[in-house]
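> Structure in structure tokens, see below.
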Amino acid sequence: MPVLSNPASARRFFDRLAPTYDRINALLYRPEWLSEVREAIRGPRVLDVGVGTGHTTGHLEGAVGIDLSREMLRRARYRGALVRADVIRSPFRPETFDTVVLAGSFYYLPDPAEGFRAVAGLLRPGGTVVVLSAATRLLAPLVRILSRGEYAVLMEGAGLKLERYERKGWAVVLAVGRKG
Ligand SMILES: C[S@@+](CC[C@H](N)C(=O)[O-])C[C@H]1O[C@@H](n2cnc3c(N)ncnc32)[C@H](O)[C@@H]1O
Numbered sequence: 000m001p002v003l004s005n006p007a008s009a010r011r012f013f014d015r016l017a018p019t020y021d022r023i024n025a026l027l028y029r030p031e032w033l034s035e036v037r038e039a040i041r042g043p044r045v046l047d048v049g050v051g052t053g054h055t056t057g058h059l060e061g062a063v064g065i066d067l068s069r070e071m072l073r074r075a076r077y078r079g080a081l082v083r084a085d086v087i088r089s090p091f092r093p094e095t096f097d098t099v100v101l102a103g104s105f106y107y108l109p110d111p112a113e114g115f116r117a118v119a120g121l122l123r124p125g126g127t128v129v130v131l132s133a134a135t136r137l138l139a140p141l142v143r144i145l146s147r148g149e150y151a152v153l154m155e156g157a158g159l160k161l162e163r164y165e166r167k168g169w170a171v172v173l174a175v176g177r178k179g
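For the sequence shown, position 161 matches number 160 in the numbering used here, and the numbering has no gaps at all.
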């Protein structure tokens with residue numbers, strides 16, 4: 000298993016990284032990827048999983064951001080609500096959200112099948128999941144890297160259909176799915 004794919008090590012890692020996270024993120028998270036993630040969001044009820052400091056959905060009044068790391072949440076600039084919890088055991092009712100966003104966070108979940116099942120459970124029927132994730136095998140020792148086929152199969156197993164899979168340069172992928 001990649002070294003950061005368990006909640007305790009991800010939380011410790013991001014608690015330590017939090018003071019410098021925004022500066023590092025500004026170098027890595029390209030504005031065009033951010034625009035594409037935001038454009039893929041549908042409906043007013045949005046859950047941002049691994050919200051970090053709020054970079055992706057901080058502008059949305061009705062959004063909810065969830066994160067394991069107290070230090071990341073402490074620094075978040077967010078118009079919506081922030082909750083400290085693990086998405087796998089989240090406090091939300093089933094079928095609460097129109098869109099669930101995972102920008103740079105899906106690969107930290109220990110079990111991707113369980114991750115998509117948790118996400119699907121939180122989405123209303125017809126809801127959208129937007130995943131921005133690492134795509135280069137160079138990062139495989141640190142985080143999980145999935146192929147297009149693996150995204151399709153894992154989503155299908157959770158009742159989601161992969162509708163979009165687009166490589167963004169050599170390092171990143173945007174995957175969008177819909178709940179049946
Ligand atoms: C790369 S960072 C945040 C990226 C953020 N979405 C952005 O737009 O800048 C990934 C975040 O995922 C969080 N995270 C990792 N596993 C998680 C889990 N199981 N539940 C909730 N948050 C998690 C980490 O604490 C970290 O803050």
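Note that the Cβ used here is the ideal one computed from N, Cα and C, for glycine as well. These numbers were taken from a predicted model, which means no experiment stands behind them.
In the DSSP assignment, find the beta strand (DSSP E) that holds G125 and state where it starts and stops.
122-133
> To the nearest angstrom, how far is it from the Cα of L145 to the Cα of V171?
11 Å
> Does the Cβ of A133 have 16 or more other Cβ atoms within 10 Å, making it buried, or fewer, making it exposed?
buried
> Just tell me which of F96, Y106, E94 has its CA closest to the CA of A139.
Y106
> Check for me: the beta strand (DSSP E) holding E162 runs from which residue to which?
159-167
> How many whole angstroms separate the CB atoms of T180 and Y28, which I take to be in contact at a CB cut-off of 8 Å?
For residue 180 there is no data in the structure shown, the boundaries of the chain being 0 and 179.
> With distances taken between CB atoms, is the gap from A80 to V63 smaller than 8 Å?
yes
> Taking the straight line between their C-alpha atoms, what separation do you get for P109 and N5?
5 Å
> Going by alpha carbons, who is nearest to L161 out of Y77, I65, G103, G125?
G125
> Between R83 and L72, how many whole angstroms is the CB-CB distance? I'm expecting something under 8 Å.
Going by Cβ atoms, the distance from R83 to L72 rounds to 6 Å, so yes, they are a contact pair.
> The beta strand (DSSP E) that contains T95, what's its start and end?
Where T95 is concerned, there is no enclosing beta strand (DSSP E), given that its DSSP letter is neither H nor E.
> Going by Cα to Cα distance, which pick from V118, E31, R76 is closest to G156?
V118
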